[in-house]
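K.L.:
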Amino acid sequence: MTGFIVRRVLSSIVVIILTSMFVFTLFFKGLGDSPARNYCEKLGPGKCSTAKLDSIKHQMGFDKSLAYNYTTWAKGVFAGRHNVYSDGKSYECPAPCLGISIMTGDTVTNDLKQKYPATMTLAIGGSAMYLVLGVLLGALAAKYRGTTADRLLVGSTLIVSSIPYYLVALLAWIYLSLQMGLFPNTSYYPITDNPAKTFAWMLLPWLVLGLTNCTSYARYTRGQMVETLSEDYIRTAKAKGLRTNRVLFKHALRAAIVPVITIFGLDFATLLAGTIFTEQIFGIDGIGRWGLQALQTPMDLNVISAVVLISSFIVVLANLLVDIFYSFLDPRVSIA
Amino acid sequence: MSTDIHERPDNMAAPANPDDPFLVVENLSVRFPTHDGLVQAVTDLSYTVERGKTLGIVGESGSGKSVSSMAVLGLHDAKSTRLSGSIRVDGEEIIGRSEEKMRKIRGNSVAMIFQDALTALHPFYTIGDQISEGYRIHHRVSKSEAKKRSIEMLERVGIPQPNRRVDDYPHQFSGGMRQRAMIAMALVNDPQLLIADEPTTALDVTVQAQILDLLQDLQREFNSAVIIITHDLGVVAELADTTMVMYAGRAVEYGATREILTHPEMPYSWGLMGSIPDVSADADARLVPIPGNPPSLLNPPSGCAFHPRCPHVDKVPGNLCRTTLPDLVPGERGVNHVKRCHLPNPGEIYAEEVLPEIAPDLVDPETGELIPELAEVDPDAV
């Protein structure tokens, strides 16, 4: 077990480093010296001389190699940096330093700390809703398989999953929030200040996320359940004299849920890495929206790098946790 | 359950007579309606099992042996199964019983051992949990008492270090041990009828023998009735007092085991005998497979269901095998040995044509006659 975790952690670190290099390189090469040019042009007409531009490029590091810039950035993550130059000013950037955001003029780390709770709250609430709802509906559909209720459920999940998610979110916001005023505020309110208010504001985003995503979980759970119900050990459970519901919800669901949980772990990680549509439509200041804003001109390379780094970190971590958790869910799997 | 229930208020009310057979199956038919038509899995089956006795049900895959025994536990999905006839457990009719009442029998007075314990045990629960669960459904006891009982049962079926192994998962057991655990689970409520569905099929030969011994010991201890379902005539020879051979959902031969095994009167039984490999037998003995495939239960063959595969069809006059279903009636050897076959002289054909081919060591090499002490058994002795 320990050996497995050590191996997996090491390989995870490699994946994260490679991802950060890849993203840094792509955007550094792709943007060229345009951040420096943008700043220079902001100084005013005629003020951006060639000499001025060169000095700005020098201060921002654009006259140095990609490798130099990447190592400076990467070192900063662990050791912090002094006198980071951005937009004509010099900043202190303590570790973990992810650079300075052009958008806010604050360190990216501070911005991240401020934005992350929103994404986390959205992801936990929404995913809890679709997991519980999806598994419950799927299990019930499997119990009543072949009946009209089952067919209705399967049919309606098909309809819901074929409508684009952003459309559902947008319509929900327009009708339920804007027109009918059922959910007057949809945004993130700091959970440490007033959890009840956070709940009220986040309810609609959670519901939209939960209801639209639960359909695939319902179908998946149903499929797993139907398959499990034909297993020999289900017949054994019946032959012991167990009640139907106990056979269904203890014996069958216990086995059927394992692959569902695996998928859920990875889905949840994707949510934690930012839900661009949900955050944008409901005005939630999370990292998905933040990353989207960073892509607008002038591009905020440091913010983009930070968002990608955090996302890859979470996805890799979630994979690791799912693998470890799997060995608890299925005693036959030993990760030695 | 959608059934043509035989209303038997008298039987239902009457207290069970301890001398009556524990299980009485009468005219049982099990049919499954499908998109392609009605699958006649079991047709008009009757048998009895007394306490302390063992019935062996033999037949190839799809002959209805498992389907008929699952009906005894009411394990068929009520929506997709049509049952008719009568199954009386300890004098009480169970066809048409409510699910709630059936649950009280299942695993309690009637228990079942399934083949391939690896798939028949839940992979995610410990052996102890699975045995305890069965005990606690039918007994109001605490978890720790149930666990104590599980350890006791594991010990009784010969699992070493039962107090440690009780917390193991099925995959941590060897094949033979898993089957023992399965037996422990079936016996946890001291059932009066034990149905063993191919209990040794997935095991290697030495372990098979141990499991069969164990079953016999436990039966002696509890005086329970046992049905053993198998396609292995060796298992039947060792365990069963009476034997029923099934083909295409019907009984084709039924009687005392020794009688059936020494004087089979139905060509299908001959086929089964001919396809047993026997390492200790004469090396000249041929392994004779039964030609053809098991019949479709959707469209069973006309007349005798075995006629398309039967090498003796032409010995019956008047094309009878193809047109008329033979009745299950006593043959040449008395009322306790019934068979479903038109052949007028099965004993003669068996001795002259079948036996010399499948078991030459039973035939006197000089005279060509059967060796009497091997061949002669009083048909009425059970």
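These protein sequence lines are chains A and B, in that order. According to our numbering, the first sequence holds residues 264 to 599 in order. According to our numbering, the second sequence holds residues 4 to 385 in order. Built from N, CA and C at the ideal position, the CB exists for glycine as well. Treat the numbers as computed from the prediction; the structure is a model and nothing was measured.
Between the stretch 482 to 508 of chain A and chain B, which residues of the former have a C-beta closer than 8 Å to a C-beta of the latter?
P.N.:
Answer set for the stretch 482 to 508 of chain A: E494, D495, Y496, R498, T499, A500, K501, A502, K503, G504, L505, R506, T507.
K.L.:
Note down, in chain order, each residue of its chain lying with its Cβ closer than 7 Å to the Cβ of P292/B, except the 5 sequence neighbours on either side.
P.N.:
Correct list, in chain order: S278.
K.L.:
Thinking E494/A and T122/B are a contact (beta carbons under 8 Å), I'd like their distance in whole angstroms, please.
P.N.:
Yes, E494/A and T122/B are in contact; Cβ-Cβ is about 7 Å, under 8 Å.
K.L.:
So that I know if they touch, is there some Cβ in chain A lying closer than 7 Å to that of N111/B?
P.N.:
So, interface residue.
K.L.:
Using only the alpha-carbon positions, how far apart do T313/A and S575/A sit?
P.N.:
Their backbone Cα atoms lie some 39 Å apart in a straight line.
K.L.:
Please list the terminal residues of the continuous beta strand (DSSP E) segment that includes S89/B.
P.N.:
First-last of the beta strand (DSSP E) with S89/B: 85 to 92.
K.L.:
Got a sec: which bits of the stretch 134 to 162 of chain B sit with their beta carbon under 8 Å from any beta carbon on chain A, in order along the chain?
P.N.:
Of all residues in the stretch 134 to 162 of chain B, E136, G137, I140, H141 have a Cβ within less than 8 Å of some Cβ in chain A.
K.L.:
Say whether the stretch 75 to 92 of chain B touches the stretch 31 to 42 of chain B, bearing in mind that this needs 3 or more beta-carbon pairs closer than 8 Å, one atom from each stretch.
P.N.:
In short, these stretches touch, since the Cβ pair count reaches three.
K.L.:
What are the residues in the stretch 163 to 185 of chain B lying within 7 Å of chain A by C-beta distance?
P.N.:
Hits within the stretch, in order: Y172, H174.
K.L.:
Can you check which of these residues, V521/A, E304/A, P453/A, F527/A, is closest to T384/A by C-alpha distance?
P.N.:
The shortest Cα separation from T384/A among V521/A, E304/A, P453/A, F527/A belongs to P453/A.
K.L.:
Check whether the Cβ atoms of P357/A and G343/A lie closer than 7 Å to each other.
P.N.:
Contact flag set, yes.
K.L.:
Do you know offhand how far D548/A's Cα is from T475/A's?
P.N.:
When rounded, the distance between both Cα atoms is 21 Å.
K.L.:
Have a look at N448/A, P468/A, R482/A and flag the residue whose alpha-carbon is nearest the alpha-carbon of R408/A.
P.N.:
It is R482/A whose Cα lies nearest to the Cα of R408/A.
K.L.:
Any C-beta of chain B sitting closer than 7 Å to the C-beta of R408/A?
P.N.:
Chain B contact via Cβ: absent.
K.L.:
Excluding the 5 residues preceding and the 5 following L580/A in the sequence, name in chain order all residues of the same chain whose CB lies nearer than 8 Å to its CB.
P.N.:
Result list for L580/A: S275, A532, in chain order.
K.L.:
Report yes or no: is there a C-beta of chain A within less than 7 Å of the C-beta of A123/B?
P.N.:
Interface residue, yes.
K.L.:
In whole angstroms, what separates the C-alpha of G88/B from that of E148/B?
P.N.:
Taking the straight line from one Cα to the other gives about 40 Å.
K.L.:
What first and last residue would you give for the beta strand (DSSP E) that runs through T57/B?
P.N.:
Looking at the DSSP string, the run of the beta strand (DSSP E) that includes T57/B is 57 to 61.
K.L.:
Any beta carbon from chain A within less than 7 Å of F35/B's own beta carbon?
P.N.:
No, its Cβ sits nowhere closer than 7 Å to a Cβ of chain A.
K.L.:
Put Y348/A into one of helix, strand or coil per three-state DSSP.
P.N.:
Y348/A falls in the strand class under three-state DSSP.
K.L.:
So is L86/B in contact with chain A if we call contact Cβ pairs under 7 Å?
P.N.:
It does not: the Cβ of L86/B has no partner Cβ on chain A nearer than 7 Å.
K.L.:
Given a limit of 7 Å on CB to CB distance, which residues of the stretch 56 to 82 of chain B reach chain A?
P.N.:
Going along the stretch 56 to 82 of chain B in chain order, one finds L76, L78 with a Cβ nearer than 7 Å to chain A.
K.L.:
Give the range of the alpha helix (DSSP H) segment to which I497/A is assigned.
P.N.:
From DSSP, the alpha helix (DSSP H) with I497/A extends over 495 to 502.
K.L.:
For chain B, is any of its Cβ atoms less than 7 Å away from the one on P458/A?
P.N.:
It does not; no Cβ of chain B falls within 7 Å.
K.L.:
What's the call for V395/A, buried or exposed, on a 16-neighbour Cβ count within 10 Å?
P.N.:
Counting Cβ neighbours within 10 Å, V395/A comes out exposed, since fewer than 16 surround it.
K.L.:
Is the shortest distance between the beta-carbon of P427/A and the beta-carbons of chain B less than 7 Å?
P.N.:
Not one chain B Cβ lies under 7 Å of P427/A.
K.L.:
If we ignore side chains and look at the alpha-carbon of each, how far apart do G401/A and G486/A end up?
P.N.:
The straight-line gap from Cα to Cα measures roughly 8 Å.
K.L.:
Step through the CB atoms of chain B and report whether any lies within less than 7 Å of the CB of Y522/A.
P.N.:
The question names Tyr, yet the displayed sequence has Pro at residue 522/A. Not one chain B Cβ lies under 7 Å of P522/A.
K.L.:
Which residues of chain B have a Cβ atom closer than 9 Å to the Cβ of A518/A, listed in chain order?
P.N.:
H125, P126, F127, listed in chain order.
K.L.:
Quick check: the Cα distance between P165/B and P594/A, rounded to an integer number of angstroms?
P.N.:
If I take the Cα positions, the gap works out to 20 Å.
K.L.:
Would a C-beta distance cut-off of 7 Å place V113/B and L196/B closer than the cut-off?
P.N.:
Yes, the Cβ-Cβ distance between V113/B and L196/B is below 7 Å.
K.L.:
Counting beta carbon pairs with one atom in the stretch 205 to 212 of chain B and one in the stretch 42 to 57 of chain B, are three or more of them shorter than 8 Å?
P.N.:
These segments do not touch.
K.L.:
Applying a beta-carbon distance threshold of less than 8 Å, which residues of chain A neighbour R106/B?
P.N.:
Ordered by position in chain A, the residues that pass the 8 Å Cβ test against R106/B are G504, L505, R506.
K.L.:
Can you give me the Cβ contacts of N14/B inside the same chain, cut-off strictly under 7 Å, excluding the 5 residues immediately before and after it?
P.N.:
In this prediction, N14/B has a pLDDT of 42, which is less than 50 and means its spatial position is unreliable; nothing more can be read from the coordinates.
K.L.:
Hey, out of I352/B, M247/B, E262/B, N192/B, whose CA is closest to S66/B's CA?
P.N.:
Of the listed residues, the one whose Cα sits closest to S66/B is M247/B.
K.L.:
What whole-angstrom Cβ distance do L275/B and Y496/A have, given they're in contact under 8 Å?
P.N.:
Between Y496/A and L275/B the Cβ distance is about 31 Å, and since that is not below 8 Å, they are no contact.
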